[in-house]
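A quick write-up on the structure given underneath.
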Amino acid sequence: MHPPTTLLTLTSLLLIPPIQACHTTSPLPRPQLQLQLQSQSPLSSSTQPFNKALNSLTKSLDAALANKIRPGFDIYNVSFSIGITSFDQADPSVPVWEYHHLSPAANRNGTGTREIGRGAEYLIGSISKVLTDALLLKSGINYDDPITKYLPALKSNKSSINWEDITLRSLAGQVAGIVPNYGFSEYYYLKDYFEYLGFPALDNSSYPECGVTGMDGGVCNREQLLRGMLTSDPVAAPQTHPVYSNVAFTLLAYAVEAYTGKTYAQLIRELSAALGMPSTRPSPGNDSRAVIPGVPNNWGSDYGDGAAGGGLVSTVADLSSFLHAILSRSPALSTPTKIRAWLKPHTFIGSTAFQGSPWEIFRPDPALLFPSSSDKKHTVTIIGKDGVAYNYRSRISLLDDYGLGITILTAGDQSALPVLFNAVISTVVPAIDATAIEQAAERYAGDYASTSANATITLDGNTLRLAGLTRGGKDILAGLGEIYKYSLAPLLAAEMARTNGVYRLYPAEIERLETLDDGRVVIKEDWRFEWGLDGVNPEAETDLPGRGISEEECKSWKLVDWLYYGGQSVDRLVFVRDKKTGEAIGMEVPFLRTRLLTRQAA
């Protein structure tokens, strides 16, 4: 176990509704400001909620492992390592908090580590898919190219799969509709039992030529796998619904090899070197640093070409560096725009779950994350990827809105992972949320004034609010309400008639550095405010069926940048922050053509 090595700086990870926010009771996730321009504020008491939560989490895990509370998993037959990563930690490989437990049953054969820590090696299973996809992202390959551009052997009019319709993007996003595995899903050692159950007897020629569990033939090589793809049936039409596929990532690895002229192992070494991940490589790993469960397992296996989909070895330190590169939008990985796009969902896998490339994205019930808060519940997006190898289970998760990443690696009892993840997420999210709200108020809230105009920014629940704006004694917000009603009534007449006039602020993630006349370097941040429509989506009284179905439909996002005055959008504000201290020193209101509104002393 290790205490926090640094404290989080959260002053710019604000809890503000974005464009698509529609409800004050349950707003959707907030974007954070661009991280490259942020100043690092000094450690302050405002980070104490987060550190108090981490201390509480440590005590809970200690109690569980001492059997003082029910752990929910077999503490004697599971080892695990947990790390929490912040975008601003001093050393990307050193999490801000970590916790490790080595099972008494681990390493029974005499190999493996006896001192578990952030450098301990685990099989990470399908987290390998994320790293394979990162290779594509880093390479600059066109995701919309058909796989046949790089693997022309798949062009065949005899295949029941039209491979020319399958793009790299569909393979990475699990919507190619191809088989999950080739050979691996066959269990030759159960052949007699299948026949006993009434299945027809088969000769060996009926089985795939490679990869079959319990049958001679070994791991499939490239040529064998590509031949197998030509004889495989589609599972679904491309771009219909997700079909989980390990083979898809082997094909992606082949594609990026063809594009770069390098082997997959070389590309992984280059990625690892660029991002500070020295222990991440295709299995087998380093026995002396391994966490080996005391039950049958796959440690030491050679996954061959299947490594791209599930055969890599890594550590908490390495995956902390990887998550840090994503959170900080590292140029060693890609551009900020491409990284943001990479984290977005592409299709649905449940009512609150989504599939990305190859991220598994979900939004847990806010009531479970914020059980003690009635007015600050909101949706939190968790961008993650699970991985499973034989008696290894792992998960990486990004809370991108907060600038945090979580790594959990386990060896042994696989039921431990969800229990540990739930404990971490339920402890961390409310604490960092409270800290971010507090620091948002400290940084931005207050009165702003110039010789001709005044503005007031307040904290309203878990959002910032433009509570007042006047010019020459005139109430600009009240006037805007009237203008909105007149100009937008033909579009949203019913909603406009019942608007509550709340002006909630959110960052546009657009920043620029400027130097003032007095020599101070400032960050100018574009913000937008949404007008009205908070929880207001009334439906007409009717006796027809279905009334109420559309009440939850979001509409406020459609009004962003809609109304202009003299070429300037009336929902745009610009905060001016001192780059050194991070505090807002003023505000510009472009559509009012005012001078800088200076933030007034409290």
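If you count by mature numbering (1 follows the signal peptide of the UniProt record, and there is no 0), then the sequence shown holds residues -21 to -1, 1 to 581, one letter each, in order.
Glycine residues also receive a C-beta, built at the ideal position from the N, C-alpha and C atoms.
- [ ] Could you check the C-alpha separation between Phe508 and Gly546 for me, to the nearest Å?
- [x] The residue labelled residue 508 in the question sits at position 529 within the sequence shown. The residue labelled residue 546 in the question sits at position 567 within the sequence shown. Straight-line measurement puts the Cα of Gly546 at about 17 Å from the Cα of Phe508.
TODO: Taking Ala84 and Thr92 to be in contact with their CB atoms under 8 Å, please state how far apart those CB atoms are, rounded to whole angstroms.
DONE: Taking the sequence shown and counting its residues from 1, one reaches residue 84 at position 105. Taking the sequence shown and counting its residues from 1, one reaches residue 92 at position 113. Contact between Ala84 and Thr92 does not hold, since their C-beta atoms are separated by about 14 Å, which reaches or exceeds 8 Å.
Open item on the list: Looking at the secondary structure, which residues open and close the alpha helix (DSSP H) in which Lys170 lies?
Closed with: Translated into positions along the sequence shown, residue 170 becomes position 191. First-last of the alpha helix (DSSP H) with Lys170: 170 to 175.
Task: Counted within 10 angstroms of its Cβ, other Cβ atoms place Ala215 as buried (16 or more) or exposed - done: On the sequence shown, residue 215 is found 236 positions in, with the first residue counted as 1. Exposed, since its Cβ has fewer than 16 Cβ neighbours within 10 Å.
TODO: Pick helix, strand or coil for Ser164, following the three-state DSSP scheme.
DONE: Within the sequence shown, residue 164 is the residue found at index 185, counting from 1. Of the three classes helix, strand and coil, the one that applies to Ser164 here is coil, per DSSP.
- [ ] Label Ala45 either buried or exposed according to how many other C-beta atoms from any shown protein chain fall within 10 Å of its C-beta, with 16 as the threshold for buried.
- [x] Counting from one through the sequence shown, the residue named residue 45 turns up at place 66. It is exposed - the Cβ of Ala45 has fewer than 16 other Cβ atoms within 10 Å.
- [ ] Flag this pair as touching only if the segment 114 to 124 and the segment 146 to 164 have three or more C-beta atom pairs under 8 Å; answer yes or no.
- [x] Judged by Cβ distances under 8 Å, the segment 114 to 124 makes contact with the segment 146 to 164, as three or more pairs qualify.
TODO: Assuming Ser299 and Pro71 form a contact by the criterion Cβ under 8 Å, report the distance between their Cβ atoms to the nearest whole angstrom.
DONE: Within the sequence shown, the letter at position 320 stands for residue 299. Within the sequence shown, the letter at position 92 stands for residue 71. Indeed, because the Cβ distance is near 6 Å, the residues count as touching under 8 Å.
Task: Ala446 - DSSP class collapsed to helix/strand/coil - done: Mapped onto the sequence shown, residue 446 falls at position 467. Residue state, collapsed to three classes: strand.
Task: Member of Thr386, Thr560, Asp266, Phe554 whose CA lies at the smallest distance from the CA of Gly89 - done: Looking up residue 89 in the sequence shown gives position 110. The option with the nearest alpha carbon to Gly89 is Asp266.
Task: Backbone secondary structure at Asn433 - three-state DSSP - done: As a working mapping, residue 433 is identified with position 454 in the sequence shown. Correct three-state label for Asn433: strand.
- [ ] Please check the pair Val235 and Leu40, which I expect to be a contact at CB under 8 Å, by giving their CB distance rounded to whole angstroms.
- [x] Counted from its first residue, the sequence shown places residue 235 at position 256. Counted from its first residue, the sequence shown places residue 40 at position 61. At roughly 39 Å, the Cβ-Cβ gap does not stay under 8 Å, so Val235 and Leu40 are not in contact.
Task: Opposing strand residues paired with Gln334 [DSSP bridges] - done: Taking the first residue of the sequence shown as position 1, residue 334 is located at position 355. In DSSP, Gln334 forms a bridge with Thr326, Glu339.
- [ ] May I ask you to report which of helix, strand or coil DSSP gives Tyr243?
- [x] Counting from 1 along the sequence shown, the entry for residue 243 is found at position 264. Tyr243 falls in the helix class under three-state DSSP.
TODO: Determine the extent of the alpha helix (DSSP H) in which Trp321 is found, giving its start and end residues.
DONE: Here residue 321 refers to the residue found at position 342 of the sequence shown. Its alpha helix (DSSP H) spans residues 315 to 321.
Task: Between the CA atoms of Lys128 and Ala237 - distance to the nearest angstrom - done: If you number the sequence shown from 1, residue 237 lands on position 258. If you number the sequence shown from 1, residue 128 lands on position 149. Distance between the alpha carbons of Ala237 and Lys128 is about 10 Å.
Open item on the list: For Ile63 and Trp76, which I take to be in contact (beta-carbon distance under 8 Å), what is that distance rounded to the nearest angstrom?
Closed with: The residue you call residue 63 lines up with position 84 of the sequence shown. The residue you call residue 76 lines up with position 97 of the sequence shown. Indeed, because the Cβ distance is near 4 Å, the residues count as touching under 8 Å.
- [ ] Just mark Glu339 as buried or exposed, buried being the case when its beta carbon has 16 or more other beta carbons within 10 Å.
- [x] Locating residue 339 in the sequence shown gives position 360, counting from the first residue. Buried, because 16 or more other Cβ atoms sit within 10 Å of the Cβ of Glu339.
Task: Boundaries of the beta strand (DSSP E) in which Asp557 is found, first to last residue - done: What you label residue 557 is simply residue 578 of the sequence shown in a count that begins at 1. Per DSSP, Asp557 belongs to the beta strand (DSSP E) from 551 to 557.
Open item on the list: Is any non-hydrogen atom of the ligand COA found closer than 7 Å to the C-beta of Ala368, if you look at the structure I gave you?
Closed with: With respect to the ligand COA, the structure shown offers nothing to examine, as it has no ligands at all.
Open item on the list: For His80, list the residues DSSP reports as bridge partners.
Closed with: Here residue 80 refers to the residue found at position 101 of the sequence shown. DSSP lists Phe59 as partners of His80.
TODO: Return the residue from the list Arg578, Leu542, Val549, Phe570 that minimises the CA-CA distance to Asp557.
DONE: Looking up residue 557 in the sequence shown gives position 578. Among Arg578, Leu542, Val549, Phe570, the Cα nearest to that of Asp557 belongs to Arg578.
Task: Cβ neighbours of Arg134 in the same chain (closer than 6 Å, five flanking residues each side left out) - done: Walking along the sequence shown from the start, residue 134 turns up at place 155. The residue asked about is misnamed: residue 134 is Lys in this sequence, not Arg. The answer, listed in chain order, is Thr127.
Open item on the list: Does the structure place the segment 371 to 387 close enough to the segment 180 to 189 that three or more beta carbon pairs sit under 8 Å?
Closed with: no
TODO: Take Leu432 and list the residues in its own chain whose beta-carbon comes closer than 7 Å to its own, dropping the five residues that flank it on each side.
DONE: Locating residue 432 in the sequence shown gives position 453, counting from the first residue. Looking at the sequence provided, one finds Ala at residue 432 rather than Leu. Thr449, Arg450, Val568, Leu571, Thr573, Leu576, listed in sequence order.
TODO: Locate the beta strand (DSSP E) running through Pro28, then write down its first and last residues.
DONE: Along the sequence shown, one-based indexing puts residue 28 at 49. First-last for Pro28: 27 to 44, but that is the alpha helix (DSSP H), not the beta strand (DSSP E).
Open item on the list: Taking the straight line between their C-alpha atoms, what separation do you get for Arg201 and Ala232?
Closed with: The residue labelled residue 201 in the question sits at position 222 within the sequence shown. The residue labelled residue 232 in the question sits at position 253 within the sequence shown. Answer to the nearest angstrom: the Cα atoms are 11 Å apart.
Task: Burial state of Arg97 (16 or more Cβ within 10 Å) - done: Within the sequence shown, the letter at position 118 stands for residue 97. Classification for Arg97: buried.
Open item on the list: Going by DSSP, what residue range makes up the beta strand (DSSP E) through Glu143?
Closed with: Locating residue 143 in the sequence shown gives position 164, where the first residue counts as 1. Element bounds for Glu143: n/a, residue is neither H nor E.
- [ ] State the CB to CB distance for the pair Asp392 and Asn141, rounded to an integer number of angstroms; the pair is presumed to be in contact (CB under 8 Å).
- [x] Locating residue 392 in the sequence shown gives position 413, counting from the first residue. Locating residue 141 in the sequence shown gives position 162, counting from the first residue. The Cβ separation is near 43 Å, so there is no contact.
- [ ] Using beta-carbon positions only, say whether Ile61 and Leu399 come within less than 8 Å of one another.
- [x] Position 82 of the sequence shown holds residue 61. Position 420 of the sequence shown holds residue 399. Taking 8 Å as the cut-off, the beta carbon of Ile61 is found closer than this to the beta carbon of Leu399.
Task: the segment 101 to 111 in contact with the segment 274 to 291 per 3-pair CB rule at 8 Å - done: The answer is yes - the segment 274 to 291 touches the segment 101 to 111, with three or more Cβ pairs under 8 Å.
Task: Inside the segment 356 to 390 only - alpha helix (DSSP H) runs reaching at least 4 residues - done: List check, alpha helix (DSSP H) in window: nothing returned.
Task: Thr192, buried or exposed, once every other Cβ within 10 Å from all chains shown has been counted against 16 - done: Position 213 of the sequence shown, counted from the start, is the residue given in the question as residue 192. Thr192 should be labelled exposed.
Task: Collapsed DSSP secondary structure at residue 583 in the structure displayed - done: Nothing can be reported for residue 583, as the shown portion of the chain is limited to -21 through 581.
TODO: Apply the 10 Å Cβ neighbour rule to Ser65 and answer buried if 16 or more other Cβ atoms are within range, or exposed otherwise.
DONE: Here residue 65 corresponds to residue number 86 of the sequence shown, with the count starting at 1. Counting Cβ neighbours within 10 Å, Ser65 comes out buried, since at least 16 surround it.
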